[in-house]
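Peer 1: To start, I am sharing the structure in question, which I have written as structure tokens.
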Amino acid sequence: MKDASCAGRISRRFESLAREGRGGLVTFITAGDPDLDRATEILLGLPGAGADLIEIGMPFTDPMADGPSIQAAGLRALASGQTMARTLDMVRRLRRDDRDTPVILMGYYNPIYIYGNERFLGDAIEAGVDGLIVVDLPPEEDDELCLPALEAGVNFIRLATPTTDDERLPRVMRNTSGFVYYVSITGITGTKGATAEVVGQATARLRRHSKLPIAVGFGIRTPDQAAAITRIADAAVVGSAIVDRVAANLDETGVARPGLVEDVLALVAELAGGVRAARG
Amino acid sequence: MGQILLARRMGKKRIIAETGAGQHGVATATVCALFGMPCVVYMGEVDIARQQPNVFRMKLLGAEVVPVTSGSRTLKDALNEALRDWVTNVEDTYYIIGTVAGPHPYPMMVRDFQSVIGEEARAQMLEAEGRLPDALVACLGGGSNAIGLFHPFLDDEEVRIYGVEAAGRGIETGEHAASLTAGSPGVLHGNRTYLLQDEEGQITEAHSISAGLDYPGIGPEHAWLKDVGRVEYVSATDDEALEMFELCSRLEGIIPALEPAHALVQVARIAPEMPKDGIILANLCGRGDKDIFTVAEALGVTL
Numbered sequence: 014m015k016d017a018s019c020a021g022r023i024s025r026r027f028e029s030l031a032r033e034g035r036g037g038l039v040t041f042i043t044a045g046d047p048d049l050d051r052a053t054e055i056l057l058g059l060p061g062a063g064a065d066l067i068e069i070g071m072p073f074t075d076p077m078a079d080g081p082s083i084q085a086a087g088l089r090a091l092a093s094g095q096t097m098a099r100t101l102d103m104v105r106r107l108r109r110d111d112r113d114t115p116v117i118l119m120g121y122y123n124p125i126y127i128y129g130n131e132r133f134l135g136d137a138i139e140a141g142v143d144g145l146i147v148v149d150l151p152p153e154e155d156d157e158l159c160l161p162a163l164e165a166g167v168n169f170i171r172l173a174t175p176t177t178d179d180e181r182l183p184r185v186m187r188n189t190s191g192f193v194y195y196v197s198i199t200g201i202t203g204t205k206g207a208t209a210e211v212v213g214q215a216t217a218r219l220r221r222h223s224k225l226p227i228a229v230g231f232g233i234r235t236p237d238q239a240a241a242i243t244r245i246a247d248a249a250v251v252g253s254a255i256v257d258r259v260a261a262n263l264d265e266t267g268v269a270r271p272g273l274v275e276d277v278l279a280l281v282a283e284l285a286g287g288v289r290a291a292r293g
Numbered sequence: 106m107g108q109i110l111l112a113r114r115m116g117k118k119r120i121i122a123e124t125g126a127g128q129h130g131v132a133t134a135t136v137c138a139l140f141g142m143p144c145v146v147y148m149g150e151v152d153i154a155r156q157q158p159n160v161f162r163m164k165l166l167g168a169e170v171v172p173v174t175s176g177s178r179t180l181k182d183a184l185n186e187a188l189r190d191w192v193t194n195v196e197d198t199y200y201i202i203g204t205v206a207g208p209h210p211y212p213m214m215v216r217d218f219q220s221v222i223g224e225e226a227r228a229q230m231l232e233a234e235g236r237l238p239d240a241l242v243a244c245l246g247g248g249s250n251a252i253g254l255f256h257p258f259l260d261d262e263e264v265r266i267y268g269v270e271a272a273g274r275g276i277e278t279g280e281h282a283a284s285l286t287a288g289s290p291g292v293l294h295g296n297r298t299y300l301l302q303d304e305e306g307q308i309t310e311a312h313s314i315s316a317g318l319d320y321p322g323i324g325p326e327h328a329w330l331k332d333v334g335r336v337e338y339v340s341a342t343d344d345e346a347l348e349m350f351e352l353c354s355r356l357e358g359i360i361p362a363l364e365p366a367h368a369l370v371q372v373a374r375i376a377p378e379m380p381k382d383g384i385i386l387a388n389l390c391g392r393g394d395k396d397i398f399t400v401a402e403a404l405g406v407t408l
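Shown next as structure tokens:
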């Protein structure tokens, strides 16, 4: 098995962040939200706006772990005709401009399973995908996609939560690579955040189980919150706040208003500013 | 009942559930009232509108009924929303899933608890008739009443078993809930089973006149029983079910729920081909009082 955690864009990015002495900003957007063109423009603008890593949500009709914001984003994307092939095309397009920013596809298993696991991994690698987060594939099902992904050289990033206890953590960590995504609250995306103190205790606990970088997400909405998180973790993940900014730039019929892309990227730049100033 | 005893043993203080037709919601609200536990039931907005009597029952029993407005606003969306509540409040909350779907160990646990149906029916049949039935028939949405009836008979090879899915407006129209008959394998709600889905793996909306059958998946054990050929899965349309709803009411003096009215369609299909002393055991898994408004509307009757 190739040791994906020692190679690849994700670990290189965390190494360079460590050299710079700062935490990273991980931004989440939903592929195809509100439509393919706008989503692609946002994606292409993310590295310049200060995103250190990019998560792209693969839309699914039944996103059980997501709150109303990301559910709605997925439905907007599907209504605009988003498909897995188009999502992979977005990554290919990004890679023409950007060879360094890690891209992680995040979503649910069924659309991957129906696309075909082997075909998906082949196409994802060719497109320039670095990691996968598949919310509804627990470690018990590692044979399905996790192990083939690691074999192919794609990081498989797992979520750990406050209820993942010390007995369970080693099992969650065993085949995790790239980074660990710590979900700072019990619950769904887009809800309230945890306090820095609680997150600090949790990251300390995670570091006893893994040497991987830790990104903390769920409930981080503002530059200040992102900054506070990167003082204790290696990166902060912002999702719902960005997706909400997309939604705020739609008219009553759901069509994008002029300036949507710029407004979303302005939010990312503010978040990046917070993260970059955090340890200064 | 089994699940709430488990919840109490686990020290959980709050109960949540999803419901389609409201049967499981009423059952959950009942046991919560009995044990004095707060109860929140997630129910699709569409189902709330067509199952008013059960919504009122749940409220009488002290449950909070939360309308679910996402997706198709039916059973699968209620399940999504209940799962979201559960992961948020997992410390103090137990989720009583009403069907043999969801992540392990729910399909197994719900099957084992529901098997009281089959155990009891089997014992009663042996006592009353001195032999096993020739055929079993049950309707399937998620498939819990059916697996509960079928499971104790699976090793009785001489007993033919039929599961009846909702064909809605007809399989050919695409507006149905027959995931075993017309779906394909996929993964939803933590299990791999037959699903109604498009070529992108997106879940498509199920349709049935019966709220309890309106689910685009099926318990994973049914998928297995289909693949090994032990159970024959067939389907019945809205119109066929309505016809049996009326016929059963008139002939038997029993107003069946719309869900088991689908099972009765299959009973009417196989009965004429059986000997006079043949025995068919059909699971009449719900009463029709809750459905009279839906049926009246479908028949064009103003109440």
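Residue numbers (our numbering), protein chains in the order written: chain A, 14 to 293; chain B, 106 to 408. Think of the CB as a built atom: it goes at the ideal place given N, C-alpha and C, for glycine as much as any other residue. Here the structure is a predicted model, which means the values were calculated and not measured.
Cβ of residue 231 (chain A) less than 8 Å from any chain B Cβ?
Peer 2: no
Peer 1: State buried or exposed for residue 209 (chain B), treating a residue as buried only when at least 16 other CB atoms are found within 10 Å of its CB.
Peer 2: exposed
Peer 1: Distance, Cα to Cα, residue 152 (chain B) vs residue 63 (chain A)?
Peer 2: 46 Å
Peer 1: Distance check for residue 21 (chain A) and residue 152 (chain A), CA to CA, integer angstroms please.
Peer 2: 22 Å
Peer 1: Is the CB of residue 180 (chain B) under 8 Å away from at least one CB in chain A?
Peer 2: no
Peer 1: Chain A beta carbons: is any one of them nearer than 8 Å to that of residue 189 (chain B)?
Peer 2: True, the Cβ-Cβ gap to chain A drops below 8 Å.
Peer 1: Let me confirm a value: residue 94 (chain A) is counted as buried when at least 16 other C-beta atoms fall within 10 Å, else exposed. Which label applies?
Peer 2: exposed
Peer 1: Helix, strand or coil, according to DSSP, for residue 171 (chain A) in the structure here?
Peer 2: coil
Peer 1: Looking at C-alpha atoms only, which residue of A:163, A:165, A:32 and A:186 is the closest neighbour of residue 174 (chain A)?
Peer 2: A:186
Peer 1: Residue 302 (chain B) by DSSP, collapsed to three states: which one?
Peer 2: strand
Peer 1: Between residue 71 (chain A) and the rest of its own chain, which residues show a CB-CB distance below 8 Å, the 5 nearest in sequence each way excluded?
Peer 2: The beta carbon of residue 71 (chain A) lies closer than 8 Å to those of 44, 97, 100, 118, 119, 120, 121, 124 and 125 in the same chain, with the five residues before and after it left out.
Peer 1: So, residue 275 (chain B) versus residue 342 (chain B), is the Cβ gap smaller than 8 Å?
Peer 2: Result yes, Cβ atoms of residue 275 (chain B) and residue 342 (chain B) sit closer than 8 Å.
Peer 1: Nearest CA to the CA of residue 306 (chain B): which residue from A:59, A:40, A:129 and A:23?
Peer 2: Taking only the C-alpha atoms, the option nearest residue 306 (chain B) is A:129.
Peer 1: What are the start and end residues of each continuous alpha helix (DSSP H) run of 4 or more residues lying completely inside the region 37-109 of chain A, in chain order?
Peer 2: Listed in chain order, the complete alpha helix (DSSP H) runs (minimum 4 residues) inside the region 37-109 of chain A are 49-62 and 81-92.
Peer 1: Is any beta-carbon of chain A found at less than 8 Å from that of residue 411 (chain B)?
Peer 2: Residue 411 (chain B) lies beyond the stretch modelled for chain B, which goes from 106 to 408, so this question has no answer here.
Peer 1: Against chain B, which members of the region 96-107 of chain A pass a CB distance test of less than 8 Å?
Peer 2: 96 and 97
Peer 1: If residue 38 (chain A) sits next to residue 288 (chain A), beta carbons under 8 Å apart, how far is it from one beta carbon to the other, in whole angstroms?
Peer 2: 5 Å
Peer 1: Based on the DSSP secondary-structure assignment, which residues constitute the bridge partners of residue 126 (chain A)?
Peer 2: Partner(s): none; residue 126 (chain A) has no beta bridge.
Peer 1: Any idea which residues DSSP pairs residue 172 (chain B) with across the strands?
Peer 2: B:148
Peer 1: With three or more beta-carbon pairs closer than 8 Å as the criterion, would you say the region 264-281 of chain B touches the region 310-319 of chain B?
Peer 2: Short answer: they touch.
Peer 1: Taking CB distances under 8 Å as the criterion, tell me whether residue 298 (chain B) reaches chain A.
Peer 2: no
Peer 1: Name the residue from A:76, A:48 and A:108 whose alpha carbon lies nearest to the alpha carbon of residue 273 (chain A).
Peer 2: A:48
Peer 1: According to DSSP, is residue 139 (chain A) helix, strand or coil?
Peer 2: helix
Peer 1: Taking 6 Å as the limit between beta carbons, can you name the residues of its chain near residue 401 (chain B), skipping five residues before and five after?
Peer 2: 408
Peer 1: Determine, using beta carbons only, whether residue 133 (chain A) comes closer than 8 Å to chain B.
Peer 2: no
Peer 1: Please give the ranges of any beta strand (DSSP E) in the region 283-327 of chain B, keeping only runs that are unbroken, at least 3 residues long and fully inside the region.
Peer 2: Whole beta strand (DSSP E) segments, 3+ residues: 289-293 and 296-300.
Peer 1: Among all the DSSP beta bridges, which residues are the ones paired with residue 119 (chain A)?
Peer 2: Its beta-bridge partners are A:70 and A:146.
Peer 1: Using the three-state DSSP reduction, which class does residue 245 (chain B) fall into: helix, strand or coil?
Peer 2: strand
Peer 1: Check whether the Cβ of residue 118 (chain A) lies closer than 8 Å to any Cβ atom in chain B.
Peer 2: no
Peer 1: Can you tell which of B:189, B:388, B:389 and B:379 has the C-alpha that lies nearest to the C-alpha of residue 122 (chain B)?
Peer 2: Closest by alpha carbon: B:189.
Peer 1: How would you label residue 143 (chain A), buried or exposed, when you count the other beta carbons within 10 angstroms and need 16 or more for buried?
Peer 2: So residue 143 (chain A) counts as buried.
Peer 1: Residue 180 (chain B) by DSSP, collapsed to three states: which one?
Peer 2: helix
Peer 1: In chain order, what residues of the same chain lie with their CB nearer than 6 Å to the CB of residue 360 (chain B), ignoring the 5 residues before and after it?
Peer 2: Same-chain partners within the cutoff: 354 and 393.
Peer 1: Against chain B, does residue 214 (chain A) count as a neighbour if the rule is that its beta carbon must be under 8 Å from one of theirs?
Peer 2: For residue 214 (chain A), the nearest beta carbon of chain B is not closer than 8 Å to its own beta carbon.
Peer 1: Quick check: what's the CA-CA separation for residue 157 (chain B) versus residue 133 (chain B)?
Peer 2: The straight-line gap separating the alpha-carbon atoms of residue 157 (chain B) and residue 133 (chain B) is approximately 17 Å.
Peer 1: Buried or exposed for residue 380 (chain B), going by 16 or more other Cβ atoms inside 10 Å?
Peer 2: exposed
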